Structure formats: structure tokens, C-alpha cells
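In what follows, a single structure is set out as C-alpha cells and then discussed.
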Amino acid sequence: MPNTNTKTACAYAKKCAVVFRPPARSGTSGAGVVALYTQAPMPQTLAAPAHSELIIKKSRFIGCVQPMPDRASAQAVVDALWKQHPGAAHVCWALLAGGQSAAVDDGEPSGTAGRPMLDVMRHQDLEGVLATVVRYFGGVKLGAGGLVRAYTDCVAQALLTAPKVVLQAMATLECSVPYSLEGLLRREIDAAGAELLRVDHSSLVTLQWRLPKSQAAACQQRINDSGQGRVGWIEAREM
């Protein structure tokens, strides 16, 4: 596979908000000010695995990026790769998974494999992603700089074709209402596009649902307004 320019893969677009500020006092001359504020990009994860392969000075680099929830799961994938590639010289990997992130050089010179792979993913604001690169040594040493470029390029090329999805913080809401309000509550849940998780019928009706955290407060307010004091909330949980 040809080694393409990876700047496209490594670069990420910064999202900006433009705000118009009018002159300080009415009646004064001068145009308003347009202020540009950089917003942090939304974190993303992968919807499915993606692969790449490079041949550099007879060394073969086989890359994969895939969604991964935690370090234990990542280690299981790496162990499976060793079984698939018993003749490989190295299986280097990097994981972005909250507090369980990792960068493993697996015998390559320190800082030439795992860390560059991790940096590529960080630059693309990824979370919950494992990158692996299997290397078959071709007999020619690449040097520290060559190794950094090789592992960077291998992960970057895999990410070029990887389907990405935006991560959203979710909230789980739960409340109890009289039977007369069950229909109203269900309509509000449907209108919010929320996922209904559980319904219990006893002396009251208890419903539990999940929706984006950014919409939770407004949803609660609408239900409180409609329920007129007859809604009993159970502590909300974030996910």
C-alpha cells in the first residue's frame, strides 16, 4: 500500500462560534466588533474497526483502529493478535479510554511507537479507541525518526477510513406519577426522542428513560409544568 500524506488524517477542524458585539453606547460611531471564540471539538469514538498496511524498507506494518471500552478488553485484543501473527517482531498499541489510557512500545525504542500512535488519536479527539500496529521486521533498521513516522502513518491511514460518531454525555431520568399522567409522561418522553428503559405499575406508575444530558433539564421542566406538582422525581444519574 502506498504511503500517502497523513496530514489530512492527523489534522482536525476546530469549531468556532462568531459573536457580534454592537458599539458600547448608542449614538456613537463605529462598527460593532465580531469576536471569534474557539470551541473545543466534540469527542468522538469509532463505529467500526478500520485497517491499514504499510511496507517501509521491507518492514510490514499492519494497523487497526477499533472501538474499545477498557484496558482489559484491549489487552485481550493484543493477546489475540500475537496468536494471529506469531512471527511478528512487535505488536505495539495505544488506548484512549478515560483513566485507562495506555501507550505500549513492545520492544521498540522508547517513545517511537505507542506514544506517537496515542498522539494521533488525541489530535482527532477520540475516546474509547484502541490502535494496534503489528510489525514484521524487514531486516533494515528505520531509526527513531523513521519508526515514529511509520507508526504515526499507519494509525493515521487507518483513521482516514474509520467511521466516527460523536460521543454524548447521557442522563437517566426516573419519576413516579399517578396513572392519570402516564400518557402525558410517555408523550413527553417520545417528544424528547428519549429511550424508555423501564415502566413499573404499582400504586403509582414509575418510568425510567435515557436522553442526552444537555436535554435533561428542559425535559424535567416540561414534565413538572404539565404535572402540576404531582411528579415525584428519583435522583437522576449521568452516564
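When we follow my numbering, the leftmost residue of the sequence shown carries the number 2, and every step to the right adds one.
We put the CB at the ideal spot given by N, CA and C, even for glycine.
These numbers come from a predicted model, not from an experiment.
Any idea what DSSP makes of residue i, helix, strand or coil?
i, result
"residue 229", "coil"
"residue 207", "strand"
"residue 141", "coil"
"residue 86", "coil"
"residue 53", "strand"
"residue 198", "strand"
"residue 169", "coil"
"residue 103", "strand"
"residue 45", "strand"
"residue 157", "helix"
"residue 236", "strand"
"residue 117", "helix"
"residue 177", "strand"
"residue 18", "Note that residue 18 scores a pLDDT of 31, beneath 50, so its modelled location is shaky and nothing firm can be said."
"residue 189", "helix"
"residue 74", "helix"
"residue 125", "coil"
"residue 217", "helix"
"residue 151", "helix"
"residue 183", "helix"
"residue 146", "helix"
Between which residues of its own chain and residue i is the CB-CB distance below 7 Å, once the five residues before and five after are set aside?
i, result
"residue 151", "55, 57, 62, 143"
"residue 116", "104"
"residue 72", "96, 98, 101, 103"
"residue 89", "135, 136, 137"
"residue 70", "98, 129"
"residue 182", "228, 231"
Given residue i, which residues of its chain have a CB within under 8 Å of its CB, disregarding the five upstream and five downstream residues?
i, result
"residue 198", "173, 209, 210, 211"
"residue 189", "220, 223, 224, 227"
"residue 49", "67, 68, 163, 164"
Using DSSP's beta-bridge definition, name the partner residues of residue i.
i, result
"residue 67", "131"
"residue 162", "Answer by DSSP bridge pairing: none, since residue 162 is not bridged."
"residue 60", "57"
"residue 93", "134"
"residue 212", "172"
Excluding the 5 residues flanking residue i on each side, which residues of the same chain have their C-beta closer than 6 Å to its C-beta?
i, result
"residue 227", "185"
"residue 177", "205, 207, 233"
"residue 167", "43, 45"
"residue 175", "209, 235"
"residue 94", "79, 105, 133"
"residue 169", "213"
"residue 118", "95, 132, 152, 156"
"residue 91", "107, 108, 109, 136"
Residue i to residue j, Cα distance in whole Å?
i, j, result
"residue 47", "residue 149", "23 Å"
"residue 146", "residue 163", "26 Å"
"residue 110", "residue 201", "58 Å"
"residue 245", "residue 78", "What the structure shows of the chain is the stretch from 2 to 240, and residue 245 is not part of that stretch, so it cannot be assessed."
"residue 123", "residue 191", "36 Å"
"residue 82", "residue 139", "19 Å"
"residue 141", "residue 127", "33 Å"
"residue 30", "residue 187", "Because residue 30 sits at a pLDDT of 41, beneath the cut-off of 50, its placement in the model cannot be relied upon, and the point is left open."
"residue 114", "residue 85", "20 Å"
Relative to the alpha-carbon of residue i, which residue among the options has its alpha-carbon at the smallest distance?
i, options, result
"residue 219", "120, 195, 125, 205", "195"
"residue 52", "167, 222, 155", "155"
"residue 179", "130, 203, 86", "203"
"residue 76", "120, 131, 114", "131"
"residue 65", "85, 113, 159", "159"
Chain B beta carbons: is any one of them nearer than 7 Å to that of residue i?
i, result
"residue 83", "Chain labels in this structure do not include chain B; a single protein chain is all it has."
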